[in-house]
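What follows is one structure encoded as structure tokens, with my remarks underneath.
There are 2 protein chains.
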Amino acid sequence: METPNWLLRRAERTPDRLALAFGPLRLTFADVAERALALAGALAAAGTGPGERVALWAENGPGFVLSLAACTLLGAAAVPLNTRLTVEEAAFQLADASPRLLLHDGPLGERARAAAAQAGGVPTFALDPDDAFAGGAGAAPVRARIDLGDVHSVVYTSGTSGRPKGALVTYGNLWHGAVAHAMTLGVRTDDRWLACLPLFHVSGLAMLTRSWLYGLAVFVHERFEAERVNAAIDADGISALSVVATALGRMLDARGRRPYPETLRLVLVGGGPAPLPLLERAVALGVPVATTYGLTETASQAATLAPDRLAAHLGSAGTALFPTDIRVVREGGGDAAPGEVGEILVRGPTVTPGYLNRPEESRRALEGGWLHTGDLGWLDAEGYLYVADRREDLIVTGGENVYPAEVEAVLLRHPGVSEAAVVGLADPEWGQAVAAAVVPAAAGAVGVEDLRAHCAAHLAGYKVPRRWRLVEELPHTASGKLMRGRVRETWPADG
Amino acid sequence: METPNWLLRRAERTPDRLALAFGPLRLTFADVAERALALAGALAAAGTGPGERVALWAENGPGFVLSLAACTLLGAAAVPLNTRLTVEEAAFQLADASPRLLLHDGPLGERARAAAAQAGGVPTFALDPDDAFAGGAGAAPVRARIDLGDVHSVVYTSGTSGRPKGALVTYGNLWHGAVAHAMTLGVRTDDRWLACLPLFHVSGLAMLTRSWLYGLAVFVHERFEAERVNAAIDADGISALSVVATALGRMLDARGRRPYPETLRLVLVGGGPAPLPLLERAVALGVPVATTYGLTETASQAATLAPDRLAAHLGSAGTALFPTDIRVVREGGGDAAPGEVGEILVRGPTVTPGYLNRPEESRRALEGGWLHTGDLGWLDAEGYLYVADRREDLIVTGGENVYPAEVEAVLLRHPGVSEAAVVGLADPEWGQAVAAAVVPAAAGAVGVEDLRAHCAAHLAGYKVPRRWRLVEELPHTASGKLMRGRVRETWPADG
């Protein structure tokens with residue numbers, strides 16, 4: 013199926029509507045289209061054209077948005093890089109994606125040049141710090157129509173285990189994702205979304221897609237800061253935002269008991285299962301939380317629990333989006349029974365066609381027409397999905413399976429615990445030993461013996477951590493996902 | 013593209029949400045699915061199956077909705093018939109569509125049996141007046157998945173000129189129509205639509221599609237009654253409804269100066285251009301009117317002017333829906349200049365693949381990949397569509413083109429005029445003479461000389477009607493469209 017170019021069509025339809033807010037900057041859709049066209053002209057002059065790839069290394073801001081827009085105007089696939097990558101990691105992704113150009117903002121200039129050189133000499137292109145791109149670059153040959161089968165972007169999956177793979181995200185994946193989003197959560201033409209998570213993640217690309225398709229404003233913050241988010245909800249009339257669970261917790265901590273205004277209609281919580289106590293707190297405060305399960309390979313949401321269903325299915329990631337199907341299968345094959353943990357499989361129009369340069373991994377991931385997510389979870393009898401854990405985090409101790417999220421959820425119920433990471437450490441006797449790294453709610457708020465007793469009271473013996481650390485903070489990805497692999501790798505030999 | 017069966021998926025997702033209200037009856041999505049499954053079982057027992065057609069002759073009510081739902085469960089294409097058809101007209105459409113069954117409600121029983129017999133013996137099936145359909149009909153083989161290329165229904169176009177043609181409406185036409193609707197007008201999960209126009213029109217099918225895809229409630233009235241509509245907006249919290257211009261006028265007349273509640277967010281006005289004075293009145297009263305241009309062949313809306321743009325583009329039908337393109341072409345070919353009247357062409361995912369049993373007419377209608385609507389209009393420089401008239405209503409007098417809607421709009425500006433129809437009557441001297449039939453606002457409110465002077469003050473001489481009638485009412489189609497052909501045909505020879 014073909015559609016008109018999304019940004020150009022939107023700029024024709026509602027040219028004067030607010031598209032993008034960043035600090036004091038306010039851009040209408042006409043402004044965004046005008047600047048993106050100018051940037052596209054500059055990129056075309058630098059030799060970029062349809063069917064090519066353009067890497068993009070930029071912090072949240074207009075430069076990122078306009079670069080992405082310029083790529084869609086040229087028909088080039090964007091390759092957004094995680095801004096936290098080391099030079100070596102970025103060079104690996106650049107070498108894999110072989111982009112025609114690497115666009116970067118000012119702060120990333122030095123690392124961008126080093127990574128581009130290390131990747132064999134990818135040309136770099138510094139984004140104009142004023143984001144005006146008006147510098148007489150000439151008109152680019154613009155793609156007025158979009159084929160939904162074309163590749164919109166290549167997004168490298170976080171790859172906490174193994175080497176990163178570039179998931180192909182098509183225009184159709186994003187289009188149908190925006191459509192399915194509306195079928196579960198509705199969409200208001202006066203919605204104002206807050207982007208306080210990295211735009212380079214697929215959830216950021218999905219948010220910008222919704223902005224262009226539905227004509228919604230996006231307010232962009234450089235990074236998540238709880239007080240600033242709360243202030244924006246009050247002052248900017250933010251109606252919807254995407255956060256991870258820890259960010260929601262910090263928002264509520266900073267907010268105290270002051271209710272959010274009625275203009276706030278949706279807080280989409282993704283990036284891993286949210287702790288039950290946090291969700292209970294949100295429900296008690298009347299915060300319109302929707303939990304969601306999604307992957308880069310499903311162009312953001314695959315399952316979502318709308319705010320009006322949250323309380324009745326607390327802890328679930330909801331049901332598969334309207335045009336999407338989810339199955340849970342046993343290790344040996346065959347559908348798991350309701351309540352039985354297995355691998356989560358996803359099918360539908362938002363599922364990636366595969367990975368760049370990885371025919372064999374693509375074939376395996378999409379075998380039988382279903383995306384094999386590698387994530388573990390179960391469906392209840394009504395089809396509500398509960399995500400147990402990432403498969404690579406599964407702990408096997410003495411022949412018993414332990415799902416870290418389950419143990420962490422128990423730890424988080426303890427009033428003295430702020431955050432917890434549970435991992436499996438190599439153990440000569442049991443194969444793996446369950447180990448817990450815990451951030452106390454305050455210095456000295458809790459001791460190991462207390463925590464051990466708390467777990468023993470709520471968990472089968474083999475699930476109770478054998479090894480403990482009290483730490484000041486835990487490592488997270490840029491999107492706020494807990495990096496259990498890092499916790500495991502950095503565990504002291506004598507800890 | 014495939015999707016899950018819309019109704020079944022919706023009933024899984026939000027089983028307890030209100031789907032359908034009719035008088036005191038309230039059905040959730042689970043109720044609708046349950047009853048539709050029972051009816052599907054009965055239809056399967058009567059020999060109906062996938063790929064067949066099922067005609068449906070029923071007034072607005074649950075019987076219509078459940079019958080349509082049962083057809084989608086079986087994979088049979090519904091053929092909804094206009095309830096105002098004569099037996100002969102219905103028999104023509106039945107013979108053309110050759111359905112496996114003719115479903116009918118009680119009031120239409122006698123005419124249905126007569127038409128079915130006249131069409132060569134189509135079996136008839138009386139809908140249960142209680143709409144329960146629980147009578148042990150056994151389980152039907154249900155289509156769990158829908159191919160968007162499959163035919164959902166065959167809808168006969170009003171055919172005021174020539175013989176009626178059955179436009180094929182695919183699942184994809186309706187799906188993309190619902191998607192495009194949301195991109196222009198948004199969709200709220202708590203929306204409550206009022207269906208006070210006939211459900212058998214494509215706008216009714218589109219409304220039910222939105223209900224199933226987005227989980228919205230539809231309140232059904234048997235027919236349009238201004239006071240009842242106004243009362244439902246107050247008492248039932250109706251947030252959106254579709255009407256024709258005359259209906260909107262009656263609603264506002266009945267309402268007086270009492271404002272509508274804030275829950276009302278959308279009054280979609282279609283079925284032909286709305287008179288400017290009516291739109292000005294709606295704007296002054298703050299009624300959230302959206303004007304729209306659509307056809308059976310575009311699965312309802314093709315262009316829409318959202319409420320927030322109405323005042324700035326009064327009289328326009330808006331811009332083409334997001335994934336839709338509209339061109340206006342000259343008689344001889346080539347795109348018309350901005351402001352220049354020509355034929356309206358439509359392209360996009362909501363456009364019909366053609367007409368049943370009419371390969372040649374389908375080819376002509378869709379030549380070059382664009383639907384040739386036969387309607388006349390123009391685009392302004394910003395792409396806003398103004399519908400001038402139906403081509404078959406064009407009046408040519410003394411070599412000059414006169415568009416009836418233009419003359420009618422002038423007449424409607426006169427305070428003594430309630431409604432007007434302008435037609436061309438055969439004239440020995442000029443080819444056609446412009447003739448106006450006028451409904452005065454009250455008996456004796458206006459005279460012909462007054463009206464002639466009013467027109468002469470606002471129109472070029474050749475556009476001023478030469479022949480006049482003052483009448484008590486004008487003929488309309490079931491959907492409220494003015495039937496100019498009827499006015500012309502019934503004009504007295506000496507009038």
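The listed protein sequences derive, respectively, from chains A and B.
Position one of the first sequence corresponds to residue 13 (my numbering), numbered consecutively onward.
Position one of the second sequence corresponds to residue 13 (my numbering), numbered consecutively onward.
Glycine is no exception: its CB is placed at the ideal position from the N, C-alpha and C atoms.
Check: Beta strand (DSSP E) segments (min. 3 residues) lying fully within the region 263-336 of chain B; Outcome: 278-282, 301-307, 312-317
Check: Per-residue contacts from Val199 (chain A) into chain B (C-beta, under 7 Å); Outcome: Ala194, Gly198, Val199
Check: Val241 (chain A): first and last residue of the uninterrupted alpha helix (DSSP H) it sits in; Outcome: 238-247
Check: Spatial distance of Arg123 (chain B) from Leu220 (chain B) (CA atoms); Outcome: 26 Å
Check: Cβ of Gly174 (chain A) within 7 Å of any chain B Cβ; Outcome: Low confidence applies to Gly174 (chain A): its pLDDT is 45, below 50, so where it sits in the model is not reliable, and the reading given next is rough at best. Not one chain B Cβ lies under 7 Å of Gly174 (chain A).
Check: Glu379 (chain A) classed as buried or exposed, judged by whether at least 16 other C-beta atoms fall within 10 angstroms; Outcome: exposed
Check: Backbone secondary structure at Asn123 (chain B) - three-state DSSP; Outcome: The question names Asn, yet the displayed sequence has Arg at residue 123 (chain B). Note: Arg123 (chain B) maps to helix in three-state DSSP.
Check: Integer-rounded CB distance, given that Ala294 (chain A) should sit under 8 Å from Ala315 (chain A); Outcome: No, Ala315 (chain A) and Ala294 (chain A) are not in contact; Cβ-Cβ is about 18 Å, not under 8 Å.
Check: Below-7 Å beta-carbon distance, Glu355 (chain A) vs any chain B residue; Outcome: no
Check: Residue range of the beta strand (DSSP E) that includes Tyr168 (chain A); Outcome: 163-168
Check: N- and C-terminal bounds of the beta strand (DSSP E) containing Glu355 (chain B); Outcome: 354-359
Check: Leu276 (chain A) vs Ile245 (chain A) beta-carbon contact at 7 Å; Outcome: yes
Check: Cα-Cα separation, Leu333 (chain B) to Val281 (chain B); Outcome: 15 Å
Check: Buried versus exposed call for Ser173 (chain A) [16 or more other C-beta atoms within 10 Å across all chains shown]; Outcome: Caution applies to Ser173 (chain A), whose pLDDT of 39 falls short of 50 and renders its modelled position unreliable; the value that the coordinates give is listed next. Looking at its Cβ environment, which holds fewer than 16 other Cβ atoms inside 10 Å, Ser173 (chain A) is exposed.
Check: Three-state secondary structure (DSSP) of Leu424 (chain A); Outcome: helix
Check: For Leu471 (chain A), the three-state DSSP class (helix, strand or coil); Outcome: coil
Check: Under 7 Å between C-beta atoms of Thr98 (chain B) and Thr308 (chain B); Outcome: no
Check: Buried or exposed (CB count within 10 angstroms, at least 16 for buried), Ala506 (chain B); Outcome: Checking the sequence, you will find Asp at residue 506 (chain B) rather than Ala. By the 10 Å Cβ count, Asp506 (chain B) comes out exposed.
Check: Cβ neighbours of Thr502 (chain B) in the same chain (closer than 7 Å, five flanking residues each side left out); Outcome: none
Check: Near-chain D residues of the region 377-411 of chain A (beta-carbon distance less than 9 Å), N- to C-terminal order; Outcome: In the structure shown, chain D cannot be found, because the protein chains are A and B.
Check: Asn369 (chain A) classed as buried or exposed, judged by whether at least 16 other C-beta atoms fall within 10 angstroms; Outcome: exposed
Check: 7 Å Cβ cutoff met for Val191 (chain B) and Tyr226 (chain B); Outcome: no
Check: Which of helix, strand or coil DSSP assigns to Gly53 (chain B); Outcome: helix
Check: Cβ of Val511 (chain B) within 7 Å of any chain A Cβ; Outcome: Past the edges of chain B, shown from 13 to 507, lies residue 511 (chain B), and the structure says nothing about it.
Check: Where Ala151 (chain A) falls, given that 16 or more other Cβ within 10 Å makes a residue buried; Outcome: exposed
Check: Whether Trp205 (chain B) touches Ala252 (chain B) by CB criterion (7 Å); Outcome: yes
Check: Contained beta strand (DSSP E) runs [length at least 3] in the region 203-229 of chain B, N- to C-terminal order; Outcome: 204-207
Check: Pairwise C-alpha distance: Leu39 (chain B) and Gly53 (chain B); Outcome: 19 Å
Check: Ala183 (chain A) - DSSP class collapsed to helix/strand/coil; Outcome: First, the amino acid is wrong: residue 183 (chain A) is Tyr here, not Ala. Three-state DSSP puts Tyr183 (chain A) in a helix.
Check: is_contact[Asn17 (chain A), chain B] using C-beta, thresh 7 Å; Outcome: no
Check: Any chain B beta carbon closer than 7 Å to Glu46 (chain A); Outcome: no
Check: Supposed contact pair Leu423 (chain B) and Cys467 (chain B) - C-beta distance, whole angstroms, cut 8 Å; Outcome: 7 Å
Check: Exposure of Ala257 (chain B), with buried meaning 16 or more beta-carbon neighbours within 10 Å; Outcome: buried
Check: Run of the alpha helix (DSSP H) containing Ala23 (chain B), from where it starts to where it stops; Outcome: 18-25
Check: Assigned secondary structure, Thr196 (chain A) (DSSP; H/G/I helix, E/B strand, else coil); Outcome: helix
Check: Any C-beta of chain B under 7 Å from that of Pro335 (chain A); Outcome: yes
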